[in-house]
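J.: If you're matching them up, the sequences are chains A and B in order.
The numbering used here puts the first residue of the first sequence at 244, with every later residue one more than the last.
The numbering used here puts the first residue of the second sequence at 2, with every later residue one more than the last.
Where is the CB? At the ideal position from N, CA and C, for every residue including glycine.
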Amino acid sequence: MEPRSTPVAPAPEELLAAIFDHAPVGMGFWDAGLRFSIVNDALAAINGIPANEHLGRTLPDVLGPLGEELEELFRRILEDGEPRHDLVIAGETLASPGVQRHWLASYFPVSDADGARVGVAAHVYEVTETRSAQTRADDALSGARAATALLDAVYGAIPFGLAFFSPDGHFRRVNQALAEMNGRPVEAHLGRTVEEVLGAHGARIAALIRAVVETRRPVVEEEIAVDGDRFWEATYFPVLGGDEELEGVGAVVREITERHRAEVERTRLLKEAVTARAHAEAAQVRAETAQELAEEARARTEFLAEAGRRMAVSMDFEWTLQQVAEISVPLVADWCSIALLQPGNVVRTVAVAHVDPERTRFARELGERYPSRLASDAGVGRVIRTGEMELVNDITDEMLARGAHDEEHLAALRGLDIRSALVMPLRTPERILGALTLVFSESGRRFGDDDIALATSLAARAALHVRNGQLYQERSHIARTLQAGLLPRQMPEIEGLEVAARYRAAGDENDVGGDFYDVFPAGDGAWAAVIGDVSGKGPEAAALTSLTRHTLRAAALHHTTPSANLAVLNRALLAESDTSRFSTVVFARLCPGEEGLEVKIASAGHPPPLLVRSGGVVERLELRGTIVGVVPDADFEDVTVRLVPGEVLLLYTDGVTELRTTEWQYGEQRLLETVQAHAGDGVEVIADAVLRMAVEAQAGEPRDDIALLCLKKS
Amino acid sequence: MPDARAARIAENEVRFRDINERLRGDLEALTGEEEVLRFVCECGNASCREAIAIALGEYQGVRAHPLHFAVTPGHEIPDVETVIERHQRYFVVEKPTDVADIVA
Numbered sequence: 244m245e246p247r248s249t250p251v252a253p254a255p256e257e258l259l260a261a262i263f264d265h266a267p268v269g270m271g272f273w274d275a276g277l278r279f280s281i282v283n284d285a286l287a288a289i290n291g292i293p294a295n296e297h298l299g300r301t302l303p304d305v306l307g308p309l310g311e312e313l314e315e316l317f318r319r320i321l322e323d324g325e326p327r328h329d330l331v332i333a334g335e336t337l338a339s340p341g342v343q344r345h346w347l348a349s350y351f352p353v354s355d356a357d358g359a360r361v362g363v364a365a366h367v368y369e370v371t372e373t374r375s376a377q378t379r380a381d382d383a384l385s386g387a388r389a390a391t392a393l394l395d396a397v398y399g400a401i402p403f404g405l406a407f408f409s410p411d412g413h414f415r416r417v418n419q420a421l422a423e424m425n426g427r428p429v430e431a432h433l434g435r436t437v438e439e440v441l442g443a444h445g446a447r448i449a450a451l452i453r454a455v456v457e458t459r460r461p462v463v464e465e466e467i468a469v470d471g472d473r474f475w476e477a478t479y480f481p482v483l484g485g486d487e488e489l490e491g492v493g494a495v496v497r498e499i500t501e502r503h504r505a506e507v508e509r510t511r512l513l514k515e516a517v518t519a520r521a522h523a524e525a526a527q528v529r530a531e532t533a534q535e536l537a538e539e540a541r542a543r544t545e546f547l548a549e550a551g552r553r554m555a556v557s558m559d560f561e562w563t564l565q566q567v568a569e570i571s572v573p574l575v576a577d578w579c580s581i582a583l584l585q586p587g588n589v590v591r592t593v594a595v596a597h598v599d600p601e602r603t604r605f606a607r608e609l610g611e612r613y614p615s616r617l618a619s620d621a622g623v624g625r626v627i628r629t630g631e632m633e634l635v636n637d638i639t640d641e642m643l644a645r646g647a648h649d650e651e652h653l654a655a656l657r658g659l660d661i662r663s664a665l666v667m668p669l670r671t672p673e674r675i676l677g678a679l680t681l682v683f684s685e686s687g688r689r690f691g692d693d694d695i696a697l698a699t700s701l702a703a704r705a706a707l708h709v710r711n712g713q714l715y716q717e718r719s720h721i722a723r724t725l726q727a728g729l730l731p732r733q734m735p736e737i738e739g740l741e742v743a744a745r746y747r748a749a750g751d752e753n754d755v756g757g758d759f760y761d762v763f764p765a766g767d768g769a770w771a772a773v774i775g776d777v778s779g780k781g782p783e784a785a786a787l788t789s790l791t792r793h794t795l796r797a798a799a800l801h802h803t804t805p806s807a808n809l810a811v812l813n814r815a816l817l818a819e820s821d822t823s824r825f826s827t828v829v830f831a832r833l834c835p836g837e838e839g840l841e842v843k844i845a846s847a848g849h850p851p852p853l854l855v856r857s858g859g860v861v862e863r864l865e866l867r868g869t870i871v872g873v874v875p876d877a878d879f880e881d882v883t884v885r886l887v888p889g890e891v892l893l894l895y896t897d898g899v900t901e902l903r904t905t906e907w908q909y910g911e912q913r914l915l916e917t918v919q920a921h922a923g924d925g926v927e928v929i930a931d932a933v934l935r936m937a938v939e940a941q942a943g944e945p946r947d948d949i950a951l952l953c954l955k956k957s
Numbered sequence: 002m003p004d005a006r007a008a009r010i011a012e013n014e015v016r017f018r019d020i021n022e023r024l025r026g027d028l029e030a031l032t033g034e035e036e037v038l039r040f041v042c043e044c045g046n047a048s049c050r051e052a053i054a055i056a057l058g059e060y061q062g063v064r065a066h067p068l069h070f071a072v073t074p075g076h077e078i079p080d081v082e083t084v085i086e087r088h089q090r091y092f093v094v095e096k097p098t099d100v101a102d103i104v105a
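#1: With 8 Å set as the bound, which would you pick, yes or no: does the beta-carbon of Phe92 (chain B) sit closer than that to a beta-carbon of chain A?
#2: Excluding sequence positions up to five away, which residues of its chain have a Cβ less than 6 Å from the Cβ of Arg553 (chain A)?
#3: Going by C-alpha to C-alpha distance, which of A:Ser700, A:Leu893, A:Lys514 sits closest to Ala932 (chain A)?
#4: Kindly list, in the order they appear in chain B, the residues whose Cβ is closer than 8 Å to that of Phe690 (chain A).
#5: Look at the alpha carbon of Pro250 (chain A) and the alpha carbon of Ala333 (chain A), and state the distance between them as a whole number of angstroms.
#6: Along the alpha helix (DSSP H) that carries Met424 (chain A), what are the first and last residues, could you check?
#7: Closer than 7 Å, Cβ to any Cβ of chain B: which residues of the segment 517 to 529 of chain A, in chain order?
#8: What does the alpha-carbon distance come out to for the pair Pro340 (chain A) and Thr378 (chain A)?
#9: Determine which residues of the segment 42 to 59 of chain B have a Cβ less than 9 Å from any Cβ of chain A, and write them out in chain order.
#10: Report the neighbours of Ile78 (chain B) on chain A: residues whose CB is nearer than 7 Å to its CB, in chain order.
#11: With DSSP as the reference, identify every bridge partner of Arg863 (chain A), one or two as the case may be.
#12: Measure the CB-CB distance between Asp665 (chain A) and Leu676 (chain A) and report whether it falls below 8 Å.
#13: Specify the secondary structure class of Glu508 (chain A) as computed by DSSP and reduced to three states.
#14: Who are the neighbours of Thr32 (chain B) on chain A, taking C-beta pairs under 9 Å?
#15: With 8 Å set as the bound, which would you pick, yes or no: does the beta-carbon of Thr532 (chain A) sit closer than that to a beta-carbon of chain B?
#16: Along chain A, in chain order, which residues have C-beta atoms closer than 9 Å to that of Asp102 (chain B)?
#17: Could you confirm whether any beta carbon from chain B is found closer than 8 Å to the beta carbon of Asn636 (chain A)?
#18: What residue range is occupied by the uninterrupted beta strand (DSSP E) comprising Met558 (chain A)?
#19: Tell me the DSSP bridge mates of Met667 (chain A)?
#20: Taking its Cβ as the centre, do 16 or more other Cβ atoms sit within 10 Å of Leu853 (chain A), making it buried, or is it exposed?
#21: Measuring CB to CB, does Val828 (chain A) end up less than 8 Å from Gly775 (chain A)?
#22: Under 8 Å, Cβ to Cβ, is there at least one residue of chain A near Phe17 (chain B)?
#23: State the CB to CB distance for the pair Asp264 (chain A) and Asn283 (chain A), rounded to an integer number of angstroms; the pair is presumed to be in contact (CB under 8 Å).
#24: Is there at least one Cβ from chain A nearer than 8 Å to Leu24 (chain B)'s Cβ?
#25: Which chain A residues sit within Cβ distance under 9 Å of Leu38 (chain B)?
#26: Is the CB of Asp694 (chain A) under 8 Å away from at least one CB in chain B?
#27: Which runs of the alpha helix (DSSP H) fall wholly inside the segment 457 to 537 of chain A and span at least 4 residues, in chain order?
#28: What does the Cβ neighbour count give for Asn588 (chain A), buried or exposed, with the cut at 16 atoms within 10 Å?
#29: Whose C-alpha, out of A:Phe759, A:Phe763, A:Ala523, is nearest the C-alpha of Ala786 (chain A)?
#30: Roughly how many angstroms separate the alpha carbons of Ala960 (chain A) and Val860 (chain A), rounded to a whole number?
#31: Can you grab the Cα-Cα spacing for the pair Glu944 (chain A) / Arg747 (chain A), in whole Å?
#32: Could you say which of A:Leu286, A:Ala937, A:Leu681, A:Ser615 lies nearest to Asp649 (chain A) if we only look at CA atoms?
#33: If you measure between the beta carbons of Val94 (chain B) and Phe70 (chain B), is that distance less than 8 Å?
#34: Once the 5 residues before and after Val811 (chain A) are set aside, which same chain residues still bring their CB inside 6 Å of it?
#35: Please identify the residue among A:Thr869, A:Asn711, A:Glu325, A:Gly646 whose C-alpha is closest to the C-alpha of Pro851 (chain A).
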């Protein structure tokens with residue numbers, strides 16, 4: 244064993260200098276006046292100025308505000324003699340201006356051998372980096388705590404349900420709101436799966452969580468019905484760590500029951516609104532349709548009214564039926580024709596109309612060339628024969644062929660393009676008068692119920708019109724025949740006397756007028772000229788006129804004076820009629836002589852005859868006498884006048900002086916003026932002039948019969 | 002070619018059907034096929050004020066055929082159409098082909 248050598252110890256000054264020089268920490272000594280006395284390089288580096296530049300300077304001089312703090316500390320150390328260990332000093336030095344740095348420092352008093360304090364020594368270790376790391380750690384911890392606190396606050400305060408699931412679907416965190424939504428306390432969730440907490444409903448959520456885990460994409464459930472009357476909206480999203488590893492699945496759940504109800508109500512209102520709008524549109528359609536129907540009905544009514552007016556214009560029913568046919572197209576049909584059954588069972592088309600006049604003419608000629616046959620088994624002939632309407636809405640070529648007379652007729656029928664036809668009988672209670680045919684061709688229309696109803700009404704009106712027309716014609720024929728029997732067929736030839744007569748019945752041709760005139764031989768070479776006016780019209784007046792005329796003719800053979808003849812007439816009328824029927828008559832007995840024509844004349848209440856004397860003077864021949872047929876003791880006055888050649892006797896009825904005024908004198912004045920104006924003319928001219936004056940004075944439509952007899956001595 | 006009455010009836014039915022078509026378009030975005038809704042009776046009586054209770058899906062089935070119309074039971078017009086389906090809430094009628102130009 245080698246003997247242990249005695250260690251050699253350096254001198255204290257050398258050791259101190261070595262320590263100062265190599266120590267990795269800042270070291271320094273300050274004298275009792277607290278001025279830098281010894282500074283090693285490490286401390287000089289901390290302070291940012293070379294070591295030798297410290298010597299003799301104060302702490303504030305080298306370190307500024309930090310130096311002031313340290314100087315105060317050093318002064319207390321000198322006073323109390325207590326060291327200060329491991330102080331953390333913070334501040335700036337010239338080594339890093341503007342940077343807050345930290346040092347771990349220990350300060351202790353230095354005393355001499357006598358125990359007197361001679362200064363302060365220090366060692367300083369920079370801990371800025373260490374301190375910063377600690378600060379960051381502390382900040383991180385503080386931030387984490389703040390984030391946790393914030394998360395806790397959010398979980399607690401947010402009105403939505405929040406949850407965090409582990410990747411395997413276990414609740415890791417649940418806030419109170421979600422716990423309440425699920426109806427379980429928070430603790431009942433943690434560590435459990437959603438199936439364990441929510442049952443069947445949880446299975447669906449677990450599937451969503453798995454989907455988020457697999458896809459790492461959020462999943463949104465927009466509407467979840469719970470218990471039928473509560474609704475939720477949920478979002479599940481991945482929660483990733485800093486390394487992008489999946490930490491779990493977050494969930495935000497919001498109850499949207501109110502919103503759902505609002506949407507349901509909005510949808511309900513929208514449905515009601517669109518439904519109501521549809522039904523309002525339907526009501527509008529109904530109103531428009533009703534309006535259309537009303538207009539169509541009005542058009543039909545107006546058409547029938549117009550047809551009635553056309554038919555009322557004239558009793559010439561063939562003319563008026565043509566008018567009706569013409570207004571029927573194209574409103575009622577494309578074609579309209581009317582055929583009547585004529586004597587001998589001949590069917591004759593009396594009216595045809597189409598909007599095209601050329602086609603109308605063609606059809607009319609066709610009807611004349613190929614008249615309908617009463618024996619036909621279809622069409623006009625059959626309808627007239629059976630009285631049953633016929634409607635064919637789809638006329639075939641075969642039908643046309645059956646109705647055609649020959650090939651040429653068939654070709655013509657094809658050319659008419661007949662597609663639908665409606666044939667209505669013109670029916671009267673007694674018989675079928677004919678048929679109304681309506682045809683649709685180029686329009687392509689078909690007959691419906693409304694068309695049939697309209698055609699039925701039109702046919703009924705036409706039938707009535709035809710029947711009335713036929714009756715009118717029959718009555719006119721009777722009236723004309725009867726009237727002819729009440730007037731002379733022709734004026735007799737009387738030597739030395741010109742005779743002219745005019746007659747115009749008032750009103751239509753159906754009534755026999757009550758005026759009459761006659762010129763007939765009165766025996767002994769004399770002639771009788773008679774004019775009269777029987778009250779009333781028609782058959783009774785005709786009978787009375789006939790009685791009057793023939794009574795006077797018979798009486799004239801036995802009585803030479805006009806008054807006697809009138810007396811006979813009076814008795815005859817009284818015997819044959821009541822006093823409501825009467826007559827006015829002028830009876831003139833004309834006796835030719837060498838000194839002219841002697842005229843014996845008497846009046847039974849008749850307008851005064853006129854005498855046109857030579858030179859044109861017109862005289863009213865005032866005659867006194869009662870009307871005949873009223874009183875038994877009628878009184879008549881005979882007056883005798885004489886006509887020389889050129890002089891005129893004018894007999895007339897009151898229709899001649901009838902005016903559309905109450906001033907009857909004005910009518911007589913016009914008559915006098917007319918006669919006077921034609922004083923030199925022949926009887927025909929005078930008669931025409933007087934008749935024309937009388938008709939014109941009554942605006943062309945005399946309200947009373949007009950009769951006049953003009954006699955001129957030649 | 003149909004007669005005037007048949008044509009008029011078909012025209013009325015088409016007008017009501019057009020309204021229902023628009024209603025169906027509006028309702029499709031608002032409801033499901035099962036909900037029973039109030040459509041306009043598509044009968045040919047222009048003065049009809051009835052509504053038919055029919056689900057959207059049912060109506061779409063009727064509408065699939067251009068000659069078919071949904072009408073209130075009893076509103077069919079036998080001489081111009083044929084009832085091909087009888088449901089408690091509505092009938093389906095089929096129009097003849099001679100009005101196809103009007104209704105199709």
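T.: The answer reads as follows:
#1: The residue labelled residue 92 (chain B) in the question sits at position 91 within the second sequence. So, not an interface residue.
#2: As a working note, residue 553 (chain A) is residue 310 in the first sequence. Excluding sequence neighbours, Arg553 (chain A) sits near Thr563, Gln566, Val567.
#3: Position 689 of the first sequence holds residue 932 (chain A). Among A:Ser700, A:Leu893, A:Lys514, the Cα nearest to that of Ala932 (chain A) is on A:Leu893.
#4: For this step, residue 690 (chain A) is matched to residue 447 along the first sequence. By Cβ distance, chain B contributes Asp4, Ala5.
#5: Your numbering for residue 250 (chain A) matches position 7 in the first sequence. Your numbering for residue 333 (chain A) matches position 90 in the first sequence. Residue placement at Pro250 (chain A) cannot be trusted, given a pLDDT of 46 that sits under 50; the coordinates are not used to answer.
#6: Within the first sequence, residue 424 (chain A) is the residue found at index 181, counting from 1. Run containing Met424 (chain A): 419 to 425, per the alpha helix (DSSP H) assignment.
#7: Val517, Thr518, Ala521, His522, Glu524, Ala525, Val528, Arg529
#8: Residue 340 (chain A) sits at position 97 when you count from the first residue of the first sequence. Residue 378 (chain A) sits at position 135 when you count from the first residue of the first sequence. Their Cα atoms are separated by approximately 21 Å.
#9: Cys42, Ala47, Ser48, Cys49, Arg50, Ala52
#10: The residue labelled residue 78 (chain B) in the question sits at position 77 within the second sequence. Within chain A, no residue comes near Ile78 (chain B); the closest Cβ sits about 12 Å away, beyond 7 Å.
#11: By 1-based counting over the first sequence, the position of residue 863 (chain A) is 620. In the DSSP output, where bridge partners are listed per residue, Arg863 (chain A) has A:Leu853.
#12: Residue mapping note: residue 665 (chain A) aligns to position 422 of the first sequence, counting from 1. Residue mapping note: residue 676 (chain A) aligns to position 433 of the first sequence, counting from 1. According to the sequence displayed, residue 665 (chain A) carries Leu and not Asp. Cβ distance not < 8 Å, so Leu665 (chain A) and Leu676 (chain A) don't count as in contact.
#13: Along the first sequence, one-based indexing puts residue 508 (chain A) at 265. Three-state result, Glu508 (chain A): helix.
#14: Residue numbering aside, residue 32 (chain B) sits at position 31 when the second sequence is read from its first letter. Under the 9 Å cutoff, chain A gives Thr510, Lys514.
#15: Taking the first sequence and counting its residues from 1, one reaches residue 532 (chain A) at position 289. Answer yes: the Cβ-Cβ gap between Thr532 (chain A) and chain B drops below 8 Å somewhere.
#16: The residue you call residue 102 (chain B) lines up with position 101 of the second sequence. Neighbours of Asp102 (chain B) on chain A: none; closest Cβ ~11 Å, over 9 Å.
#17: Within the first sequence, residue 636 (chain A) is the residue found at index 393, counting from 1. Judged by the 8 Å Cβ criterion, Asn636 (chain A) is in contact with chain B.
#18: Mapped onto the first sequence, residue 558 (chain A) falls at position 315. Run containing Met558 (chain A): none; DSSP gives neither H nor E here.
#19: Position 424 of the first sequence, counted from the first residue, corresponds to residue 667 (chain A). DSSP output for Met667 (chain A) lists A:Leu679 as bridge partner(s).
#20: As a first step, residue 853 (chain A) must be located in the first sequence, where it is residue number 610. Under this definition Leu853 (chain A) is a buried residue.
#21: Numbered from 1 along the first sequence, position 585 holds the residue referred to as residue 828 (chain A). Numbered from 1 along the first sequence, position 532 holds the residue referred to as residue 775 (chain A). In this structure, Gly775 (chain A) lies closer than 8 Å to Val828 (chain A) by Cβ.
#22: Counting from one through the second sequence, the residue named residue 17 (chain B) turns up at place 16. Yes, Phe17 (chain B) counts as interfacial toward chain A.
#23: Along the first sequence, one-based indexing puts residue 264 (chain A) at 21. Along the first sequence, one-based indexing puts residue 283 (chain A) at 40. Yes, Asp264 (chain A) and Asn283 (chain A) are in contact; Cβ-Cβ is about 6 Å, under 8 Å.
#24: Numbered from its first residue, the second sequence carries residue 24 (chain B) at position 23. At least one chain A Cβ lies under 8 Å of Leu24 (chain B).
#25: Residue mapping note: residue 38 (chain B) aligns to position 37 of the second sequence, counting from 1. Residues of chain A passing the Cβ test: Lys514, Thr518.
#26: Along the first sequence, read from residue 1 onward, the residue named residue 694 (chain A) stands at position 451. So yes, Asp694 (chain A) belongs to the interface.
#27: none
#28: Taking the first sequence and counting its residues from 1, one reaches residue 588 (chain A) at position 345. With fewer than 16 other Cβ atoms within 10 Å, it is exposed.
#29: By 1-based counting over the first sequence, the position of residue 786 (chain A) is 543. Nearest option by C-alpha distance: A:Phe759.
#30: This structure cannot speak to residue 960 (chain A), because chain A is shown only from 244 to 957.
#31: Locating residue 944 (chain A) in the first sequence gives position 701, where the first residue counts as 1. Locating residue 747 (chain A) in the first sequence gives position 504, where the first residue counts as 1. If I take the Cα positions, the gap works out to 10 Å.
#32: Here the question's residue 649 (chain A) lines up with position 406 in the first sequence. Of the candidates A:Leu286, A:Ala937, A:Leu681, A:Ser615, the one whose C-alpha sits nearest the C-alpha of Asp649 (chain A) is A:Ser615.
#33: Looking up residue 94 (chain B) in the second sequence gives position 93. Looking up residue 70 (chain B) in the second sequence gives position 69. Taking 8 Å as the Cβ cut-off, Val94 (chain B) and Phe70 (chain B) qualify as a contacting pair.
#34: The residue you call residue 811 (chain A) lines up with position 568 of the first sequence. Only Ala798 meet the Cβ criterion.
#35: Here residue 851 (chain A) corresponds to residue number 608 of the first sequence, with the count starting at 1. The shortest C-alpha separation from Pro851 (chain A) is found at A:Thr869.
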